[in-house]
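Chains as they are written, first to last, in our numbering: chain A, 12 to 238; chain B, -19 to 381.
Yeah, the Cβ is synthetic: ideal placement off N, Cα and C, and Gly gets one too.
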């Protein structure tokens, strides 16, 4: 039981931190992708979307190499005295941020792209600075996109497995998350615990998706009323 | 009148020198002779010199040099696609691609190397489609700009009262009619303490009843405020009711600019080529009879018109359409026409639709023009030629205000 609680704690910590970091990094990135006419848009969009099609083990492998003592990131972290990030929680966090990036950036980008930009001109003539406009106009009007991005980022991080096994391994209390624990229990033929874990993750995913659907329906209902 | 023949270049000789600094120095040393004409040298004026070259499929060139008065209503009038809206957006700082100078009351908002960002320009902007912030209530919309300029409670209360916004304050934006939206947008813009109020076809999205409601609001407003209005429209009635100063635009260039009545009544005005050719006259109500017939005093002489809602002493504008003016060699008393004025023929021009447009000087005022649209057959029958004295009979005087 303590093994499950430890894994639950690592999972929640990882998913929460990943989501927060992704909202902070993904918002400007999504804004830029939604607005730009730069030629860099296509390759950058592709890079953002890569984790959706790449086997997680590929991403995990390259991260492991980069974070290792011979890799550029590994050398950097050694130079500043952090040691190697591979098989640590922080290495796991970096991997999760990259792996869940498209699940946060893409809903935000779609929300920003559908925003009528003339409303920002209006706010500018009402003396709102660019940051003020973002805070008081873009965020409230794109709230559904932010909610989708948050839920998807969190849920997808809870559900990851391959990258974590490659980069973080299976250290209890440090890098062992629920999905890895499940794999571990199945390997150990401990099917009862495996059932609890699998069922729990299944119900979690189902409830999250239900809430999203329900929220989407309520929103389109409200918009129908406003018209 | 050569003063009307301003090309967009000739209009602003003074802007051809890099005079931004010169003007400031001229103000600091009042003894120095004025360098420029009265308007440009006065403390407050609106100086625009704008250039935009947009290549590609929607190729478009805007080239405008204007000095506008810093009070009253300036109407920028012209067909759609002529660059009118671009001028307003450039003044507000929303068109970074437009190059040139923008100076409003001694503040430079734009010059080479200078671009004051939109949110630091003291403008009020009323957009064509009211563009209220949809996630906020009416009250929150009004407070949005007001808070950001540090407006006072008194300013807020006065604006709400003046525009009759109190019944709307708690409503959501989706519950407003088109006319209510524009009233809120107008109030919201005025609450930002603007140095200039920019109105981009604010009535275009409204039905006839709402249009006349908001037009009335604007007319009252322009009498109670000192903020200059810059009003873009392609509707003749809005232009002739509101304009104190008039800029005629076409194809990205200024065709004519000047005091509104002069430009409107000039026979070379492009307006005269249209079916609604006519003149606009400022008049004062002298008396009103039991049937609502108004006796008006105008520079043209006494005019009679039906005006239900006007009282003696009101100042108003009337429009006399060329098609409503007929000409006679003698004064007829056996006619239903009330308005019969002595006129002298100045010129005979080609009007639209194969008719002649006769330019007349009215009454004892040689400067006061009147236009009559009659057939070429009548021109021949009456031997109409420049210098001939005639009587003009005006069928109807359309009240504009």
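Using a CB distance cut-off of 7 Å, residue 50 of chain A does not count as an interface residue toward chain B.
Along the length of the segment 199 to 249 of chain B, whole alpha helix (DSSP H) runs at least 4 residues long occupy 216 to 222 and 240 to 245, reported in chain order. For residue 53 of chain B, DSSP records a beta bridge to B:209.
Only those residues of the segment 118 to 135 of chain A whose C-beta falls short of 8 Å from the nearest C-beta of chain B are listed: 129, 130, 132, 133, 134 and 135. At a cut-off of 3 residues, not a single continuous stretch assigned as beta strand (DSSP E) sits fully inside the segment 136 to 223 of chain A.
DSSP places residue 262 of chain B in the strand class (E or B) of the three-state scheme.
Contact between the segment 85 to 94 of chain B and the segment 105 to 121 of chain B is absent: fewer than 3 CB-CB pairs across the two stretches fall below 8 Å. According to the DSSP assignment, residue 300 of chain B belongs to no alpha helix (DSSP H) but to the beta strand (DSSP E) extending over 295 to 301. DSSP places residue 374 of chain B in the strand class (E or B) of the three-state scheme. Using a Cβ-Cβ cut-off of 7 Å, residue 151 of chain A counts as an interface residue toward chain B, since at least one Cβ of chain B sits closer than that to its own. Of all C-beta pairs linking the segment 187 to 199 of chain A to the segment 162 to 172 of chain A, three or more are shorter than 8 Å, placing the two stretches in contact.
What residue 148 of chain A touches in chain B, judged by beta-carbon distance under 7 Å, is 113, going in chain order. By the beta-carbon neighbour count (other beta carbons within 10 angstroms, threshold 16), residue 280 of chain B is buried. For residue 95 of chain B, the secondary structure class from DSSP, reduced to helix, strand or coil, is strand. Between the alpha carbons of residue 158 of chain B and residue 209 of chain B lies a gap of roughly 21 Å. Closer than 9 Å at the C-beta level to chain A, one finds these residues of the segment 89 to 107 of chain B: 97, 98, 99, 100, 101, 102, 103, 104, 105 and 107. With contacts defined as CB atoms closer than 7 Å, residue 88 of chain A and residue 96 of chain A qualify as a contacting pair. Annotation for residue 81 of chain B: no alpha helix (DSSP H) segment contains it, though the beta strand (DSSP E) segment containing it runs 79 to 84. Within the segment 68 to 87 of chain B, contact with chain A at the beta-carbon level (separation under 9 Å) is assigned to 69, 72, 73 and 74. As computed with DSSP, residue 117 of chain B is found in a beta bridge with B:152. Listed along chain A, the residues sitting closer than 7 Å to residue 124 of chain B by beta-carbon distance are 137. Against chain B, the CB of residue 140 of chain A has a partner CB under 7 Å away; the residue lies at that interface. Per the coordinates, the alpha-carbon of residue 183 of chain B lies some 23 Å from the alpha-carbon of residue 120 of chain B. Residue environment: residue 36 of chain B is assigned as exposed (fewer than 16 neighbouring CB atoms within 10 Å of its CB, all protein chains considered).
Judged by pairs of C-beta atoms under 8 Å, the segment 114 to 127 of chain A does not touch the segment 48 to 66 of chain B, as fewer than three such pairs exist. Between the segment 221 to 238 of chain B and the segment 195 to 203 of chain B there are three or more inter-stretch CB-CB distances shorter than 8 Å, so the stretches are counted as touching. Straight-line spacing of the CA atoms in residue 60 of chain B and residue 102 of chain A works out to 60 Å.
Interface residue (Cβ-Cβ distance to chain A less than 7 Å): residue 151 of chain B is not classified as such. Take the alpha-carbon of residue 155 of chain A and the one of residue 294 of chain B: they are about 55 Å apart. Relative to the Cα of residue 347 of chain B, the nearest Cα in the group B:276, B:242 and B:213 belongs to B:242. Approximately 6 Å separates the beta-carbon atoms of residue 321 of chain B and residue 342 of chain B; this is inside 8 Å, confirming the contact. Look at residue 41 of chain A here: in three-state DSSP terms it is helix.
When DSSP states are grouped into helix, strand and coil, residue 184 of chain B belongs to the coil group.
Secondary structure note for residue 168 of chain B: it is in no beta strand (DSSP E), and the uninterrupted alpha helix (DSSP H) holding it is 158 to 170. For the C-beta of residue 129 of chain B, the chain A residues within less than 7 Å are, from N- to C-terminus, 138. Nearest Cα to residue 213 of chain B within the set B:201, B:228 and B:199: B:228.
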